[in-house]
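Written below as structure tokens is the structure these notes are about.
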């Protein structure tokens, strides 16, 4: 989806929303800024979640655009 | 369906219901008597009809038990 | 709209119906198929097989009218109906209804309506082989209810 | 209940799905199939092809949950889901959902619900080739409405 894997070392559990503000896009904006104008979905450990979900220090977190199967 | 083709010479147009009373089953009962205890459907010229439908002297009339496809 | 209505002893192929619908009716996005098969039991009795009869001429015309009605209600690209007759064994295919449409909801609805009408409004007769002999099958009252529901 | 969920680049066969469902899930009377194919136009643009991606592991698990939900609602004998990924051309098959049940109404409903959920709740992404380049496709608002309707 045009985004590569990144590893972020967390010192303590945080939320998906907080993580979004830590991740910068190539244009300098954070994911939380970008999500104001486009839908950015999130999954933690392969489960769809919203911004309030907790992220542990070992979580696999994915951000992606809207999905559509079929 | 256990019934064979029969030819009935009509002198004038009649109704399906009247025709039912002219046709005798092997047990001696007429079709209209039989239809009191079982469903007997009718088609005139390959179109499903009820007892009030007219039968002309050249009509193809069929009587049959309930249908089920599929 | 493309249509093909066949009453035949021979089996049918879903893959072939899919290919035909794509070839004949443009590139529809949604294709719905229903297949009815002979069950090995019915009304608590073991079924050894099924014998199917139709009313040549009339049955084809009724199927045509059923497809007309579906085409009137929904925007369809193509409809294929194949109904088998003769002797069938448990597990054998009986009927195929295949519908292609731009939108999947229309393909589902049309396919189901055609099946519901076919159960009650087409002159087919089915004789089941059961341990004691055989019996002619009537359409279920639930089938009548389903078919009538489309007219509401 | 028999289930098979596959995400693969390869095409699928409806006839094979029919045979599998009959073999694995007993002699169900009603089998409903839905196939989605690549259309040659979308949103008023010519579509040259489609590229499909998924989220390995997560997507399979989501499809599994969707099938769980269908099995909770209806008495089903078997469910097969095959979803293709990679590059597809107009006319190519994208997805197959096949459901067998004793009663045809259940097969139709389960097949349609699985498709509706799959459109909105499974992590697949589609990139369309159009004359100007390409674009990622979002699910339609009508798809969201259809999926939500099952929860009512």
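Protein chains in written order, with my numbering: chain A, 349 to 418; chain B, 349 to 418; chain C, 2 to 153; chain D, 2 to 153.
Glycine included, every Cβ here is placed at the ideal spot set by N, Cα and C.
Remember, predicted model here, so these are calculated numbers, not experimental data.
Using 8 Å for Cβ pairs, my map puts residue 55 of chain C next to residue 124 of chain C. What's the rounded Cβ distance?
Confirmed, about 6 Å.
Could you give the distance in angstroms between the alpha-carbon of residue 362 of chain A and the alpha-carbon of residue 406 of chain A?
Distance between the alpha carbons of residue 362 of chain A and residue 406 of chain A: 11 Å.
So, is residue 94 of chain D buried or exposed, given that buried needs 16 or more other C-beta atoms within 10 angstroms?
Buried is the call here.
Just mark residue 359 of chain B as buried or exposed, buried being the case when its beta carbon has 16 or more other beta carbons within 10 Å.
Looking at its Cβ environment, which holds fewer than 16 other Cβ atoms inside 10 Å, residue 359 of chain B is exposed.
Could you check what DSSP says for residue 94 of chain C in three-state terms: helix, strand or coil?
Of the three classes helix, strand and coil, the one that applies to residue 94 of chain C here is strand, per DSSP.
Please report the straight-line C-alpha distance between residue 14 of chain D and residue 16 of chain C, rounded to a whole angstrom.
Going by the C-alpha atoms only, they are around 6 Å apart.
Alpha carbon to alpha carbon, how far is residue 10 of chain D from residue 365 of chain A? Give it in angstroms, no decimals.
When rounded, the distance between both Cα atoms is 35 Å.
Please identify the residue among D:35, D:74 and D:99 whose C-alpha is closest to the C-alpha of residue 156 of chain D.
Absent from the structure is residue 156 of chain D, since the part of chain D shown begins at 2 and ends at 153.
Just reading off the alpha helix (DSSP H) that residue 20 of chain C is part of, what are its end residues?
Residue 20 of chain C -> alpha helix (DSSP H) spans 15–25.
Taking just the CA atoms, how far does residue 112 of chain C sit from residue 146 of chain D?
If you take the alpha carbons of residue 146 of chain D and residue 112 of chain C, they lie about 21 Å apart.
For residue 19 of chain C and chain B, any beta-carbon pair shorter than 9 Å?
Chain B, which has no Cβ nearer than 9 Å to the Cβ of residue 19 of chain C, makes this no.
Exposed or buried, which one is residue 134 of chain C when buried takes at least 16 other CB atoms within 10 Å?
Exposed, since its Cβ has fewer than 16 Cβ neighbours within 10 Å.
Could you check the C-alpha separation between residue 115 of chain C and residue 402 of chain A for me, to the nearest Å?
Roughly 50 Å separates the two Cα atoms.
What does residue 36 of chain C reach in chain D if we use C-beta pairs closer than 7 Å?
Going along chain D in sequence order, the residues near residue 36 of chain C (Cβ under 7 Å) are 19 and 32.
Compute the distance between the beta-carbons of residue 79 of chain C and residue 28 of chain D, then report whether it is under 9 Å.
Not a contact, by the Cβ cut-off of 9 Å.
Taking the beta strand (DSSP E) that residue 79 of chain D belongs to, which residues open and close that run?
Per DSSP, residue 79 of chain D belongs to the beta strand (DSSP E) from 77–85.
Alpha carbon to alpha carbon, how far is residue 102 of chain C from residue 81 of chain D?
Rounded to the nearest angstrom, the two C-alpha atoms are 22 Å apart.
Please decide whether residue 153 of chain D counts as near chain C, where near means a Cβ-Cβ distance under 9 Å.
Not one chain C Cβ lies under 9 Å of residue 153 of chain D.
Could you name each continuous beta strand (DSSP E) segment of 3 residues or more that falls completely within the stretch 356–409 of chain B, going from the start of the chain to the end?
The qualifying runs are 389–392 and 395–397.
Is the beta carbon of residue 86 of chain C less than 9 Å from the beta carbon of residue 119 of chain C?
Going by C-beta atoms, residue 86 of chain C is not nearer than 9 Å to residue 119 of chain C.
Return yes when the Cβ of residue 381 of chain A is within less than 9 Å of the Cβ of residue 369 of chain A, no when it is not.
Cβ distance < 9 Å, so residue 369 of chain A and residue 381 of chain A count as in contact.
Quick one: is residue 367 of chain B buried, meaning 16 or more other Cβ sit within 10 Å of its Cβ, or exposed?
Buried, since its Cβ has 16 or more Cβ neighbours within 10 Å.
At the level of alpha carbons, what is the spacing between residue 349 of chain B and residue 25 of chain D?
Low per-residue confidence applies at residue 349 of chain B: pLDDT is 45, beneath 50, and the placement is therefore not dependable, though the value from the model is reported in the following sentence. So the two alpha carbons sit approximately 36 Å from each other.
To the nearest angstrom, report how far apart residue 71 of chain C and residue 65 of chain C are at their CA atoms.
C-alpha separation (whole angstroms): 10 Å.
For a quick check, are the C-beta atoms of residue 48 of chain C and residue 129 of chain C less than 9 Å apart?
Yes; because the gap between Cβ atoms is below 9 Å, this pair is in contact.
In whole angstroms, what separates the C-alpha of residue 418 of chain B from that of residue 63 of chain C?
Their backbone Cα atoms lie some 13 Å apart in a straight line.
Can you list, in chain order, the residues of its chain whose CB lies under 8 Å from that of residue 12 of chain D, leaving out five sequence neighbours each side?
Within the same chain, residue 12 of chain D has close Cβ partners 85, 93 and 94.
Let me know the secondary structure DSSP gives residue 106 of chain C once reduced to three states.
Helix.
Apart from the five residues on each side of it in sequence, which residues of its chain come closer than 7 Å, Cβ to Cβ, to residue 148 of chain D?
The residues are 117, 118, 120, 121 and 122.
Do you know whose CA, among C:41, C:153, C:127 and C:18, lies nearest residue 33 of chain C's CA?
It is C:18 whose Cα lies nearest to the Cα of residue 33 of chain C.
Let me know the secondary structure DSSP gives residue 41 of chain C once reduced to three states.
It is coil, neither helix nor strand.
Give a yes or no on whether the minimum CB-CB distance between residue 88 of chain D and chain C is below 9 Å.
So, not an interface residue.
So is residue 60 of chain D buried or exposed if we call it buried at 16+ other beta carbons inside 10 Å?
So residue 60 of chain D counts as buried.
Could you name the residues of the same chain whose beta carbon sits closer than 6 Å to that of residue 109 of chain D, not counting the 5 residues immediately before and after it, in chain order?
So the list reads 33, once near-sequence residues are dropped.
Any Cβ of chain B within less than 9 Å of the Cβ of residue 122 of chain C?
Yes, contact with chain B.
For residue 51 of chain D and residue 97 of chain D, which I take to be in contact (beta-carbon distance under 8 Å), what is that distance rounded to the nearest angstrom?
Their Cβ separation, rounded to whole angstroms, is 16 Å, which puts residue 51 of chain D and residue 97 of chain D out of contact at 8 Å.
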